[in-house]
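A.B. asks:
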Amino acid sequence: MNDLINIENKDGLLLVSSREIAERFGKEHYHVVDAIDNKIKNLTHENPGVKISELFIESYFDHKGNNYKEYHLTRDGFSFIAMGFTGSKADVWRLKYIAAFNQMEYEIKRMNQPQGEELLALAVLHAQKVIEEKESLLNDQKPKVLLADAITANESSISIRELAIILKQNGVDTGEIRLFEWMRTNRYLTKRRGKENSLPTQRSLEMGILEIALIPYTRKCGADDTYKKPMVTVKGQKYFLNKFLGEGARGQGGRNKDMARVLPQS
């Protein structure tokens with residue numbers, strides 16, 4: 001009898017034949033099969049939920065024209081059966097089988113590790129994934145970058161028309177007329193007749209987001225006069241741009257291109 005331990009690798013599952021065990025431990029094969037049958041019976045009785053296939057796999061082999069039952073044992077199945085064998089020789093073979101199982105598991109893990117060109121390909125794929133994630137992040141941040149640039153560029157108040165242009169450049173589907181209407185609807189601008197229409201409300205003035213600019217002009221009769229024009233302060237630019245593009249719009253799916261749904265009535 002040689003000391004070669006025959007452990008099969010079937011799709012990553014390590015198995016040893018009951019015939020192999022019988023030979024190594026000096027047992028009659030039918031005694032080993034009986035021991036396994038009894039173990040299965042006891043296990044299923046004491047623990048109905050046990051998965052026998054994770055321990056023992058029943059099969060048959062041909063010997064001189066007759067079919068005989070055998071089992072293929074997993075590592076755990078082998079441990080169940082081998083624990084019942086006694087004697088110094090049994091201890092020696094138990095240790096050999098444990099070492100063989102350990103070696104086979106190590107070899108399988110080593111073989112499953114990518115090597116050479118495969119390892120290089122995986123590294124390239126990983127690098128590509130990192131690049132794509134960074135590009136995606138930059139694209140997501142692009143509106144915020146434009147937003148910061150727009151605010152930085154304007155160190156003084158701007159008109160509502162200019163604010164509408166900045167919003168348009170950042171993906172908000174609006175224009176000067178629609179933005180005026182939205183501000184009136186949301187009580188940032190007044191709804192009055194005549195010269196007092198579309199001027200900052202008391203609320204907007206107190207918030208410091210809008211102000212009134214007095215624009216001089218000459219009447220047809222030649223007299224000098226002024227008219228009131230609503231202007232968006234630097235604070236107001238940050239306020240409205242954040243409303244449309246920042247935290248205020250995230251709860252509704254990020255940048256909302258529909259003016260009617262960007263903000264609740266306030």
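Residue numbering for the sequence shown is 1 to 266, as defined by the UniProt record's numbering. Ideal placement from N, C-alpha and C gives every residue a C-beta, glycine not left out.
(1) DSSP on residue 200, reduced to helix/strand/coil?
(2) Put residue 170 into one of helix, strand or coil per three-state DSSP.
(3) If you count every other CB in all the chains shown that lies within 10 Å of the CB of residue 213, and 16 or more means buried, which is it?
(4) Does the beta-carbon of residue 83 have 16 or more other beta-carbons within 10 angstroms, so that it is buried, or is it exposed?
(5) Expressed to the nearest angstrom, what Euclidean distance is found between the alpha-carbon atoms of residue 191 and residue 173?
(6) Please determine, among 209, 159, 97 and 91, the residue with the shortest C-alpha to C-alpha distance to residue 74.
(7) Could you have a look at residue 231 and say whether DSSP puts it in helix, strand or coil?
(8) Tell me, please, whether the region 31-43 touches the region 14-22 by the rule of three or more beta-carbon pairs shorter than 8 Å.
(9) Helix or strand or just coil, what does DSSP make of residue 85?
(10) Would you report the Cα separation of residue 243 and residue 236, rounded to the nearest angstrom?
(11) Measure the C-alpha to C-alpha separation of residue 101 and residue 15 and round it to an integer number of angstroms.
(12) Compute the beta-carbon to beta-carbon distance between residue 198 and residue 210, rounded to the nearest angstrom, for a pair I have assumed lies under 8 Å.
(13) Given a cut-off of 8 Å on the beta-carbon distance, is the pair residue 54 and residue 76 in contact?
(14) Decide if residue 206 is buried, meaning its Cβ has at least 16 other Cβ atoms within 10 Å, or exposed.
(15) Tell me whether residue 45 is buried or exposed, calling it buried when 16 or more other Cβ atoms sit within 10 Å of its Cβ.
(16) For residue 177, does the count of other Cβ atoms within 10 angstroms reach 16, so buried, or fall short, so exposed?
C.D. replies: Short version:
(1) Taking the sequence shown and counting its residues from 1, the one referred to as residue 200 is at position 200. The three-state reading of DSSP puts residue 200 in strand, counting E and B together.
(2) In the sequence shown, residue 170 corresponds to position 170, counting from 1. The three-state reading of DSSP puts residue 170 in coil, since its state is none of H, G, I, E or B.
(3) Locating residue 213 in the sequence shown gives position 213, counting from the first residue. That one is exposed.
(4) Position 83 of the sequence shown, counting from 1, holds the residue named residue 83. It counts as exposed.
(5) Within the sequence shown, the letter at position 191 stands for residue 191. Within the sequence shown, the letter at position 173 stands for residue 173. Distance between the alpha carbons of residue 191 and residue 173 is about 23 Å.
(6) Here residue 74 is taken as the residue at index 74 of the sequence shown, counted from 1. Looking at the Cα atoms, 97 is the closest of the given residues.
(7) As a first step, residue 231 must be located in the sequence shown, where it is residue number 231. It is a strand residue.
(8) Taking a contact to require three or more Cβ pairs closer than 8 Å, the region 31-43 and the region 14-22 qualify as touching.
(9) Against the sequence shown, residue 85 aligns to sequence position 85. In the structure shown, residue 85 sits in coil (DSSP, three-state: anything other than H, G, I, E or B).
(10) In the sequence shown, counting from the first residue as 1, residue 243 sits at position 243. In the sequence shown, counting from the first residue as 1, residue 236 sits at position 236. Whole-angstrom Cα-Cα distance: 10 Å.
(11) Within the sequence shown, the letter at position 101 stands for residue 101. Within the sequence shown, the letter at position 15 stands for residue 15. Rounded to whole angstroms, residue 101 to residue 15 spans 9 Å at the Cα level.
(12) The sequence position of residue 198 within the sequence shown is 198, counting from 1. The sequence position of residue 210 within the sequence shown is 210, counting from 1. In fact, because the Cβ distance is near 11 Å, the residues do not count as touching under 8 Å.
(13) Stepping through the sequence shown from its first residue, residue 54 is reached at position 54. Stepping through the sequence shown from its first residue, residue 76 is reached at position 76. Cβ distance < 8 Å, so residue 54 and residue 76 count as in contact.
(14) For the purposes of this step, residue 206 is taken as the residue at position 206 of the sequence shown. By the neighbour-count definition (other C-beta atoms within 10 Å, threshold 16), residue 206 is an exposed residue.
(15) What you label residue 45 is simply residue 45 of the sequence shown in a count that begins at 1. Exposed is the call here.
(16) For the purposes of this step, residue 177 is taken as the residue at position 177 of the sequence shown. The residue in question, residue 177, is exposed, as its Cβ has fewer than 16 Cβ neighbours within 10 Å.
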